[in-house]
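These notes concern the structure reproduced below.
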Amino acid sequence: MTIFGSFRRFDALLRMFNLSVNVQNEDGDTPLLTSLKYRVPRQFVERLLEAGAKLTIANKEGITPLTLALALYRTTFLLEKSRYAECLYQTKLSERMLKAIKTYDCYLETFVINSRLDNEKIIIIISIKGYLYRSDNIALMELRVFLDYLEAKDNIKKYHFYKVCERLIRNSLHSNAPVLKMVWKRMNHFDLIDLQSTLLEDFINWGRYENSEFVECLISLLTVSLATYCDARLFPRFFNSLLFRRFSSRNIAKKERIRILLLISNFPCVTFDDVGFAYAYFQFNEEVIILLQILKPKYFYNYSLLNDFIMKLAKDEKFLINNLNNLDFITRACYRRLIFKLPTYVLVHFETDKLEKQKQILNEVPRLFEMSVYASQKGIQKFYDVHCRDQFDKAVQNLCLPNDLKRILRHEPPLYSATYYNSKSELCWFYCF
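Per this note's numbering, the sequence shown runs over residues 99 to 531.
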């Protein structure tokens, strides 16, 4: 093994003497298998693969470089660098392998090869339990081919197919977004309510995707969950507070936060606790406003959090009596909704005189200018078929109006609720008041 001490010497030997990289020693090990056994630096393994080292030559114990790499978590690297990897991908499975799949007596591992490139592929390796190192107990397939094959097999029932899909989705939650997206499209989601009851929570807690993939996958899961849940009580408890915490830790962009909140506002019960969490993370902004519109006062769990939230609002300069008239139309309406829905025992935190004065101001009829601005925003949104904030800003910018009026129209446009738009279920933005 001293040859592996110098990569330059190793590379020179391969070039000068045209050595066979697939020769086997007395134990049947090839140079590639030996290098994996001794965990030599990656550059040596890559050079052997470049020189034509094969992944499926077994030693006397039936161990191949591929099966050993599978145990050492180096499979993706080998499949990407090998010149012969594509020859290994199968289109059929043995009856023994199919039986192991139906009886859950196998491991299913997925790998994304050449991620984000034009030749990206998702590979699945099926290995029978207890025989990980033996080459005759392992099969490689492209994931798409594998799913097509299982779905078409007469002796594979739909139940077994969905159980395989469930295992693949569970295994992909940590860091394999392409797998989740591919498998999710193949499932009949209405048959998977049991899976979905914990999938959302697990995805938010353990998903390690990049933010763009996190948002895309979360919207896919939410869209199906909202369609299949028949009772709001089945929705994960404290789901919104968990979601806000993840938004904050991931630093999800505000535009994406609003997009997701508008979607979930169609179904789950929103509590004072959720509003309090949103305020703690994002202050009294769109996130809080969206939740206040669908607030269910009878559902609240954390009295301490509610009290803290109300105390903070009472001290917030934005909501002092002298500033209430300066609030925009929607913010003032939502704050009014909150004040009038608070349980009686919570209102003791407010000074009675100030509370009555606040209610009086909040009950006043909006000024004509405010209502005209709001009506104008609504008309722009409807006329130009606006679906998002960027489209709204562009529509206003193209209007023949003074810049001061454009600035007023663009300030906090009322994009605070959502519904489904046409058969493609695209999000369409609507007004809430």
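C-beta atoms are modelled at their ideal positions from N, C-alpha and C, and glycine is treated no differently.
No residue range can be given for residue 484, since it is assigned to no beta strand (DSSP E) and is classified by DSSP as neither H nor E.
Around residue 419, the same chain offers 452, 455, 456, 459 as residues with beta carbons nearer than 8 angstroms, after the five sequence neighbours per side are excluded. Here the alpha carbon of residue 409 sits roughly 17 angstroms from the alpha carbon of residue 422. Beta-bridge pairing by DSSP links residue 208 to 222. Judged by DSSP in its simplified three-state form, residue 285 adopts coil rather than helix or strand. In the three-state reduction of the DSSP assignment, residue 308 falls in the coil class, being assigned neither a helical nor a strand state. Assignment of residue 156 by DSSP, reduced to helix, strand and coil, places it in the coil class. Taking a contact to require three or more Cβ pairs closer than 8 angstroms, the region 269-282 and the region 248-257 do not qualify as touching. Contact fails between the region 187-203 and the region 150-166, because fewer than three Cβ pairs, one in each stretch, are under 8 angstroms apart. A buried status is given to residue 239, since no fewer than 16 other beta-carbon atoms sit within 10 Å of its beta-carbon. Closest in alpha carbon position to residue 315, among 346, 342, 283, 296, is 283.
Note that the region 175-182 does not touch the region 191-201; fewer than 3 beta-carbon pairs, one per stretch, sit closer than 8 angstroms. Here residue 124 carries a coil assignment [DSSP, helix/strand/coil].
Taking C-beta atoms as the reference points, residue 363 and residue 387 fail to come closer than 7 angstroms.
Within 10 angstroms of the beta-carbon of residue 438 lie fewer than 16 other beta-carbons, which makes it exposed. For residue 368 against residue 392, the beta-carbon gap comes to about 5 angstroms, under 8 angstroms, which counts as contact.
Out of 352, 235, 337, the CA that lies nearest to the CA of residue 168 is found in 235. In the three-state reduction of the DSSP assignment, residue 302 falls in the helix class.
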